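When you line the sequence shown up against UniProt numbering, it's residues 1 to 213, in that order.
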Amino acid sequence: MNILHIDCSPRPESYSRQLSAAIVKKLLGVRPGAHVSRRDFASVPLPHAAPDYATTLSSPATLAAPLRGALDVSEALIQEVEAADVIVIGTPMHNLTVPSVLKAWIDQILRAGRTFKSTPAGKIGMLSDRPVFIGIASGGVFAGDRANQPDFLTPYLSVVLGSIGLKTLQFFPLQATAFLDWDQATLAVDNALAAIDLTVLAKTARPMTVKGA
Ligand SMILES: Cc1cc2nc3c(=O)[nH]c(=O)nc-3n(C[C@H](O)[C@H](O)[C@H](O)COP(=O)(O)O)c2cc1C
Numbered sequence: 001m002n003i004l005h006i007d008c009s010p011r012p013e014s015y016s017r018q019l020s021a022a023i024v025k026k027l028l029g030v031r032p033g034a035h036v037s038r039r040d041f042a043s044v045p046l047p048h049a050a051p052d053y054a055t056t057l058s059s060p061a062t063l064a065a066p067l068r069g070a071l072d073v074s075e076a077l078i079q080e081v082e083a084a085d086v087i088v089i090g091t092p093m094h095n096l097t098v099p100s101v102l103k104a105w106i107d108q109i110l111r112a113g114r115t116f117k118s119t120p121a122g123k124i125g126m127l128s129d130r131p132v133f134i135g136i137a138s139g140g141v142f143a144g145d146r147a148n149q150p151d152f153l154t155p156y157l158s159v160v161l162g163s164i165g166l167k168t169l170q171f172f173p174l175q176a177t178a179f180l181d182w183d184q185a186t187l188a189v190d191n192a193l194a195a196i197d198l199t200v201l202a203k204t205a206r207p208m209t210v211k212g213a
C-alpha cells in the first residue's frame with residue numbers, strides 16, 4: 001500500500017502535523033509494509049500557478065496544445081496522487097479555509113481533461129476513488145454546538161477532491177488549539193481520531209495484500 005502523507009502547517013510543532021502523523025501510524029498498524037511518500041508544503045512550497053500554466057489552462061484549445069513544460073509540475077503531482085492508495089493530509093485552518101500552500105497543490109491537481117471532465121452538469125472526476133484522511137487543527141471552533149465561525153474548509157475540500165473522483169473522505173478536527181495545553185495534545189489527537197474508520201482501506205484504487213494473508 002502506498003500512503004501519500006501531506007503536511008501544510010508552517011509550525012514545526014503543530015497540531016495538524018501530530019494529527020497526520022497519528023493517522024499514518026494507525027495505517028501502518030494495519031498495513032505494516034506500506035510505503036509512505038512525504039510532501040511538506042510548508043518546508044517546500046509549490047509554486048503558485050505560473051503564467052504558462054495559467055495560459056495553458058485558459059481554454060480547451062490551449063489545453064489541447066500546452067505550452068512546453070507548462071504542465072510538468074501538475075503532471076508530477078497528479079501522478080503522485082495516482083500512485084497513492086491512501087492520502088493523509090494534515091492542515092491548519094487559516095482564515096476559515098485551507099492554507100495557501102494547500103491551495104497551490106489543489107490548483108495543480110485539478111486539471112480539465114486530466115483529472116476531471118468539464119460537463120454542463122459540472123465536473124466529473126477522472127481519478128479512481130481512494131480514501132483521504134484529513135486532520136484539521138483550528139485555533140477556534142468551526143464545527144459542533146460551540147462553533148463561532150463559518151467552515152469553508154471541509155465543504156471546500158469535499159467539493160474539490162470529490163470533483164476529481166476522491167470521494168471517500170474522513171475529516172478529523174482538533175479544535176480550539178488556542179486554548180489547548182501542549183501537554184494535552186496527545187490526548188486531544190487521540191480523541192480527534194477516535195472515530196477513524198479504517199475499513200475504507202478495502203476501497204483502494206489497487207488491490208492490496210494484507211501482511212501474512
Ligand atoms: C494566518 C492564520 C490564520 C488563521 N485563521 C484561523 C481561522 O480562521 N480560524 C481558526 O479557528 N483558527 C485560525 N488560525 C489558528 C490556527 O488554525 C491554529 O493555530 C492551528 O492550531 C494551526 O494549526 P497547526 O497547529 O497545525 O499549526 C489561524 C492561524 C494563522 C497563522
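We treat Cβ as the ideally placed atom computed from N, Cα and C, and that holds for glycine.
All values derive from a computational prediction rather than experimental measurement.
| Check | Outcome |
| --- | --- |
| 9 Å Cβ cutoff met for proline 45 and alanine 104 | yes |
| Minimum C-alpha distance to arginine 39 - residue among Ile3, Ser59, Arg31, Tyr15 | Ile3 |
| Isoleucine 124, buried or exposed, once every other Cβ within 10 Å from all chains shown has been counted against 16 | exposed |
| Check whether isoleucine 196 and arginine 130 have beta carbons under 9 Å apart | no |
| Enclosing alpha helix (DSSP H) for glutamine 170 [first to last residue] | Counting along the chain, glutamine 170 falls outside any alpha helix (DSSP H), though it belongs to the beta strand (DSSP E) covering 169-174. |
| Through-space distance from threonine 62 to isoleucine 6, alpha-carbon basis | 31 Å |
| Inter-residue spacing [alpha-carbon to alpha-carbon] between leucine 102 and isoleucine 134 | 12 Å |
| C-alpha gap between serine 128 and glycine 165, whole angstroms | 6 Å |
| Three-state secondary structure (DSSP) of aspartate 7 | strand |
| Close-in-space but distant-in-sequence residues of the same chain around valine 30 (CB under 6 Å, 5 per side omitted) | Leu198 |
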